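S.K.:
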Amino acid sequence: MTGVQTENGAGANGRVGFGEVWRAILRGAPFAMLAVVAAIIVSVLVTRSMAPTYEASVTLLAARPPASFSTFDIITPATVDPRVYQRVLQDGSIVRDALYRLDGVMRSEAEIVRFRRNMGVGIENQEISSVIHVSIKNSDPQLAADQANAIAMRLIEWDRDRARLMFDNSIAALEQAIAETDQEIARIVAEGGPTSQSQQALAAALREQRVRELEAARARGASAVMVGLLEMLNRAEPPVEAIGPRLIFNTLVAVVLAGFLAYAAQLALWAWTDEVGSRGRLEAVTGVPVLAVLARRRGQARSLSGDAVSYLRAGILKDFATNPKDSVVFGLTAPKAFGEKSGIALALAESLARTGFRCIALDADLRRRGPGLGIAPSRGNEVGIENYLRNAGDSLEVTAVAVESEIGFDALPAVAITKQASELLGYGLAGLLEALRQEYDVILIDLPPVLAFADALVAAPLCDGVILCVDVKSKSSLAADSVNMLEGFGGRVLGTVLTGLRAGQSGTADRARVVRTNSGVGGQGAVDHRTKPPSSRIVARVKQRE
């Protein structure tokens with residue numbers, strides 16, 4: 067049974083299937099939809115309250131001057147990687163100077179940083195030239211175009227200044243060389259020597275050559291034209307259409323983000339609360355299959371689904387169909403106090419009776435106040451299961467529960483609260499079960515909660531299989547601990563039953579009719595209710611336990 071893979075769910079190995087994921091999506095859908103609707107409303111309101119944004123773009127061409135320029139005396143800067151221009155604009159000094167020239171306002175570093183967030187610089191590299199795009203975003207279309215053009219002009223000027231700077235550096239280098247030559251001549255004269263005259267002549271000739279180069283360079287600087295490598299290809303014009311805010315885009319982003327955050331919040335909440343929540347999670351944490359998921363029928367507040375109970379019946383009898391026994395004993399328990407457990411036991415007993423099994427339901431939850439299994443014995447009969455546990459040889463008086471005119475099952479409820487329940491079960495349950503196996507095909511035992519008392523751990527090894535009833539809102543860690551404890555004490559856990567019923571309701575227990583019989587285990591009274599309708603003078607009743 068532990069290897070069962072449930073339909074569209076997670077198996078006992080903890081792997082989650084598509085069905086479980088889909089159910090988790092459906093479970094969180096209401097809150098997610100609410101979050102999405104709220105996000106759409108907020109997105110629309112915020113987007114419409116935002117000022118429109120315009121983008122103006124200027125295009126620059128970076129290339130060497132054409133060959134026709136060779137007829138003119140021009141000075142150009144050295145060719146650089148186009149990314150240098152991008153880096154210069156990102157540095158901020160060019161932008162600050164351009165804006166100051168445009169409006170006369172000196173901006174701080176923080177203001178320049180904010181401005182650069184609305185500025186874009188793109189580069190298209192070609193074989194012999196490159197295209198540089200500078201774009202500016204602003205709520206004023208005219209101002210966006212003016213700022214883009216101003217920055218482009220300042221960048222062209224900076225590139226032209228590179229030519230001037232390069233030329234000035236060459237002049238300074240010649241002047242430095244002449245000064246060094248003068249120092250060399252002075253050193254030769256001071257040292258004297260047989261070769262001093264020849265050295266002075268060589269140094270003087272070198273100085274004269276450098277002086278001529280300096281004069282020629284100065285003359286060229288006075289007449290030559292300084293030309294940069296940048297030129298404006300297209301000036302920025304005031305844009306007509308705004309590029310933002312984009313209502314559809316903002317709404318889509320808000321929807322996706324709201325949905326993601328909604329599900330993330332719910333997953334965090336589910337993990338924090340440690341609720342079982344779903345079939346797949348229960349199988350993953352316990353390592354045993356979910357035998358059935360019991361849900362109330364629509365429109366019938368106190369009725370369990372017959373199909374689900376039939377599925378439970380088939381699940382627990384599956385192993386015993388291939389390995390038949392004269393009689394089988396199943397225990398039903400829960401991690402903690404759970405009002406639906408007894409209702410599930412009676413619903414299963416009814417389903418077994420309808421299938422033709424001779425079935426008896428025992429109430430071994432001796433610590434709970436009220437009639438066992440929700441069944442109150444008839445008046446004058448105050449003998450419950452606790453009496454037979456103390457006195458194994460006594461003749462049993464069972465309560466016949468009629469499902470239909472000729473279909474029913476027997477029940478042995480508890481009457482009084484027993485403080486030493488675990489000792490009593492350990493003393494008399496084995497003998498009682500041995501006697502009942504002679505007359506019944508299936509024996510169902512309603513056991514106390516696993517984690518509350520040791521009673522279920524004492525009775526579990528005497529059962530052929532144990533079924534753990536778990537509410538969908540109970541903690542998954544408690545379910546896992548219950549399975550581990552039952553198996554640790556020698557019990558065989560067949561699987562779990564997951565129910566979403568509200569605690570405190572007894573499921574199908576109140577649907578059965580109860581008649582009194584005074585026969586022993588071997589008497590005809592154990593099966594008489596299958597052959598004739600119950601008496602019209604019924605004084606026993608189904609009653610919810612306190």
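With positions in the sequence shown counted from 1, the corresponding number in our numbering is that position plus 66. For each residue, glycine too, the CB sits at the ideal point set by N, CA and C. Just so it is clear, the structure is predicted and the values come from calculations on it, not from any experiment.
If you reduce the DSSP assignment to three classes, tell me which class L92 lands in.
M.R.: As a working mapping, residue 92 is identified with position 26 in the sequence shown. In this structure, L92 counts as helix in the three-state DSSP scheme.
S.K.: Considering only the alpha carbon of each residue, which of V467, R149, A487 lies closest to N191?
M.R.: For the purposes of this step, residue 191 is taken as residue 125 along the sequence shown, with counting starting at 1. The residue with the shortest Cα to Cα distance from N191 is R149.
S.K.: How many Å lie between L502 and D521 at the Cα?
M.R.: On the sequence shown, position 436 is the one that residue 502 refers to. On the sequence shown, position 455 is the one that residue 521 refers to. Rounded to whole angstroms, L502 to D521 spans 20 Å at the Cα level.
S.K.: In this structure, does DSSP put M172 in helix, strand or coil?
M.R.: Here residue 172 refers to the residue found at position 106 when the sequence shown is read from its first residue. It is coil, neither helix nor strand.
S.K.: Just how far apart, CA to CA, sit L383 and V322?
M.R.: Position 317 of the sequence shown holds residue 383. Position 256 of the sequence shown holds residue 322. Each residue's CA atom was taken as its position, placing L383 and V322 some 48 Å apart.
S.K.: Quick one: measure Cβ to Cβ for A214 and V124, integer angstroms, because I've assumed they're closer than 8 Å.
M.R.: By one-based count along the sequence shown, residue 214 stands at place 148. By one-based count along the sequence shown, residue 124 stands at place 58. Right, the Cβ-Cβ distance comes to about 4 Å (below 8 Å), so this counts as a contact.
S.K.: Three or more C-beta pairs under 8 Å: does that hold for the region 139–146 against the region 219–231?
M.R.: yes
S.K.: Looking at C-beta atoms only, is the number of pairs between the region 176–193 and the region 239–255 that lie closer than 8 Å three or more?
M.R.: no
S.K.: Could you pull the DSSP bridge partners for G325 from this structure?
M.R.: In the sequence shown, the residue the question calls residue 325 occupies position 259. Partner(s): none; G325 has no beta bridge.
S.K.: May I ask which residues mark the beginning and end of the alpha helix (DSSP H) holding T247?
M.R.: One-based indexing of the sequence shown puts residue 247 at position 181. Element bounds for T247: 207–257.
S.K.: Buried or exposed: where does K203 fall if 16 or more other Cβ atoms within 10 Å of its Cβ makes it buried?
M.R.: Position 137 of the sequence shown holds residue 203. Buried, by the Cβ-count rule.
S.K.: Note down the Cα distance separating L564 from L313, rounded to an integer number of angstroms.
M.R.: Position 498 of the sequence shown holds residue 564. Position 247 of the sequence shown holds residue 313. Cα to Cα, the separation comes out at about 46 Å.
S.K.: Would a C-beta distance cut-off of 7 Å place A545 and V536 closer than the cut-off?
M.R.: Translated into the one-based positions of the sequence shown, residue 545 becomes position 479. Translated into the one-based positions of the sequence shown, residue 536 becomes position 470. Closer than 7 Å, so yes.
S.K.: For D392, which option in D530, V171, I160 has the closest C-alpha, if you only look at C-alpha atoms?
M.R.: For this step, residue 392 is matched to residue 326 along the sequence shown. The shortest C-alpha separation from D392 is found at D530.
S.K.: Rounded to a whole number of angstroms, what is the C-alpha to C-alpha distance between P600 and S471?
M.R.: Along the sequence shown, one-based indexing puts residue 600 at 534. Along the sequence shown, one-based indexing puts residue 471 at 405. Note that P600 has pLDDT 34, beneath the 50 cutoff, so the model's placement of it is unreliable and the number below is only indicative. Those two C-alpha atoms are separated by around 7 Å.
S.K.: State the Cα-Cα distance for the pair G170 and I217, rounded to the nearest angstrom.
M.R.: Along the sequence shown, read from residue 1 onward, the residue named residue 170 stands at position 104. Along the sequence shown, read from residue 1 onward, the residue named residue 217 stands at position 151. Distance between the alpha carbons of G170 and I217: 14 Å.
S.K.: Quick one: what does DSSP say A302 is sitting in, helix, strand or coil?
M.R.: Here residue 302 refers to the residue found at position 236 when the sequence shown is read from its first residue. Residue state, collapsed to three classes: coil.
S.K.: What ranges does the alpha helix (DSSP H) occupy inside the region 466–506, keeping only unbroken runs of at least 4 residues that lie completely in it?
M.R.: 487–503
S.K.: Tell me which residue opens and which closes the beta strand (DSSP E) that G531 is part of.
M.R.: For the purposes of this step, residue 531 is identified with residue 465 of the sequence shown, where counting begins at 1. Start and end: 531–537.
S.K.: Which residues mark the beginning and the end of the beta strand (DSSP E) in which A427 is found?
M.R.: Here residue 427 corresponds to residue number 361 of the sequence shown, with the count starting at 1. 425–429 is the span of the beta strand (DSSP E), which, as asked, contains A427.
S.K.: Do R173 and R162 count as a contact pair if the criterion is CB distance below 7 Å?
M.R.: Here residue 162 is taken as the residue at index 96 of the sequence shown, counted from 1. Here residue 173 is taken as the residue at index 107 of the sequence shown, counted from 1. Cβ atoms of R162 and R173: closer than 7 Å.
S.K.: Tell me which residues share the same chain as P304 and place their Cβ nearer than 8 Å to its Cβ, disregarding the 5 neighbours each side in the sequence.
M.R.: Here residue 304 refers to the residue found at position 238 of the sequence shown. The residues are Y120, A122, P207, Q208, A210, A211.
S.K.: Going by DSSP in three states, I309 sits in which element: helix, strand or coil?
M.R.: Locating residue 309 in the sequence shown gives position 243, counting from the first residue. Coil at I309, not helix or strand.
S.K.: Contact check, L240 vs A285 under 8 Å by CB: the rounded distance?
M.R.: Within the sequence shown, residue 240 is the residue found at index 174, counting from 1. Within the sequence shown, residue 285 is the residue found at index 219, counting from 1. So it is not a contact: roughly 13 Å between Cβ atoms.
S.K.: Closer than 7 Å by C-beta to R568: which residues in its own chain qualify, once you throw out the five before and the five after it? Chain order, please.
M.R.: In the sequence shown, residue 568 corresponds to position 502, counting from 1. Low per-residue confidence applies at R568: pLDDT is 47, beneath 50, and the placement is therefore not dependable enough to give any value.
S.K.: Quick one: grab the DSSP three-state call for K402.
M.R.: Within the sequence shown, residue 402 is the residue found at index 336, counting from 1. Of the three classes helix, strand and coil, the one that applies to K402 here is coil, per DSSP.
S.K.: Nearest-angstrom Cα distance between H199 and L231?
M.R.: On the sequence shown, position 133 is the one that residue 199 refers to. On the sequence shown, position 165 is the one that residue 231 refers to. H199 and L231: Cα-Cα distance of roughly 26 Å.
S.K.: For F423 versus D507, is the C-beta spacing smaller than 7 Å?
M.R.: In the sequence shown, counting from the first residue as 1, residue 423 sits at position 357. In the sequence shown, counting from the first residue as 1, residue 507 sits at position 441. Remark: C-beta atoms of F423 and D507 approach each other more closely than 7 Å.
S.K.: Would you check if the distance between the CB atom of A105 and the CB atom of A320 is smaller than 7 Å?
M.R.: Along the sequence shown, read from residue 1 onward, the residue named residue 105 stands at position 39. Along the sequence shown, read from residue 1 onward, the residue named residue 320 stands at position 254. Against a cut-off of 7 Å, the Cβ pair of A320 and A105 comes out as a contact.
S.K.: Residues bridged to F396 by DSSP?
M.R.: Position 330 of the sequence shown, counting from 1, holds the residue named residue 396. In the DSSP output, where bridge partners are listed per residue, F396 has L510, G531.
S.K.: Over what stretch of residues does the beta strand (DSSP E) that includes T562 continue unbroken?
M.R.: Here residue 562 is taken as the residue at index 496 of the sequence shown, counted from 1. Here the beta strand (DSSP E) through T562 covers 559–565.
S.K.: Measuring only the C-alpha atoms, how far is D358 from S417?
M.R.: Here the question's residue 358 lines up with position 292 in the sequence shown. Here the question's residue 417 lines up with position 351 in the sequence shown. Sequence check: residue 358 is Ala here, not Asp. Taking the straight line joining both Cα atoms gives about 14 Å.
S.K.: How should G556 be labelled, buried or exposed, when 16 other C-beta atoms within 10 angstroms of its C-beta is the threshold for buried?
M.R.: Position 490 of the sequence shown holds residue 556. The Cβ neighbour count for G556, taken over all protein chains shown within 10 Å, is under 16; the residue is labelled exposed.
S.K.: Taking 7 Å as the threshold (C-beta atoms), are S548 and V524 in contact?
M.R.: Counting from one through the sequence shown, the residue named residue 524 turns up at place 458. Counting from one through the sequence shown, the residue named residue 548 turns up at place 482. Contact flag unset, no.
S.K.: Who are the near neighbours of A480 in its chain, counting only those whose CB is closer than 7 Å to its CB and skipping five residues on each side?
M.R.: In the sequence shown, residue 480 corresponds to position 414, counting from 1. Closer than 7 Å at the Cβ level, and outside the excluded window around A480, lie D429, D431, L432, G438, G450, I451, E452.
S.K.: Can you tell me where the beta strand (DSSP E) with I202 in it begins and where it stops?
M.R.: Sequence index remark: in the sequence shown, residue 202 carries index 136 (1-based). Unbroken beta strand (DSSP E) run through I202: 195–204.
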